[in-house]
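Counted the way the numbering used here counts, the sequence shown spans residues 20 to 139. For reference, the structure is listed below as structure tokens.
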Amino acid sequence: MSTLMRSGILESHSSTARSKSRNSPRAVAAVVLILGIFATLWTTLAYLQSHTEAKPMLVVLFPIAAITGILAIIPLFIYLSYQGDFEKLNPLRPTHYWFLVKKTYTALQNNNLKVSAKDI
20 MSTLMRSGIL
30 ESHSSTARSK
40 SRNSPRAVAA
50 VVLILGIFAT
60 LWTTLAYLQS
70 HTEAKPMLVV
80 LFPIAAITGI
90 LAIIPLFIYL
100 SYQGDFEKLN
110 PLRPTHYWFL
120 VKKTYTALQN
130 NNLKVSAKDI
């Protein structure tokens with residue numbers, strides 16, 4: 020009998036299992052936050068677009084809204100990428116999210132906008 024048949028298809032061994040990525044309720048919360056930020060950004064941009072004809076100066080807010088949305092999402096992607104380094108953090112808690120933001124942007128600033136596991 021082959022090794023595959025004895026051990027089963029669904030069993031994972033340490034050599035083949037993914038070690039950096041885990042599905043957890045906190046990861047799901049981070050994905051929900053990302054979707055919420057995208058929805059808020061979409062709604063904000065749609066609102067601005069519908070009101071720019073009456074108030075042309077609102078055009079100035081388009082890049083500000085986009086940059087704010089992107090800056091809010093980047094720490095959540097870092098959280099999803101390096102979950103093992105943030106096991107105790109819950110991105111739904113504002114203090115934990117703020118810690119994640121500070122940690123992410125400090126690592127980005129110190130390493131020429133590149134982040135690796137050792138930097139976090």
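Quick reminder that beta carbons are idealized off the backbone N, C-alpha and C, glycines included.
- In the structure shown, the three-state DSSP call for residue 133 is coil.
- The beta carbons of residue 84 and residue 64 sit about 6 angstroms from each other, so the pair counts as a contact at 8 angstroms.
- Secondary structure note for residue 108: it is in no alpha helix (DSSP H), with a DSSP letter that is neither H nor E.
- Residue 129 and residue 95 have their C-alpha atoms some 19 angstroms from each other.
- Taking one beta carbon from each stretch, the region 69-83 and the region 111-124 have fewer than 3 pairs nearer than 8 angstroms; the two do not touch.
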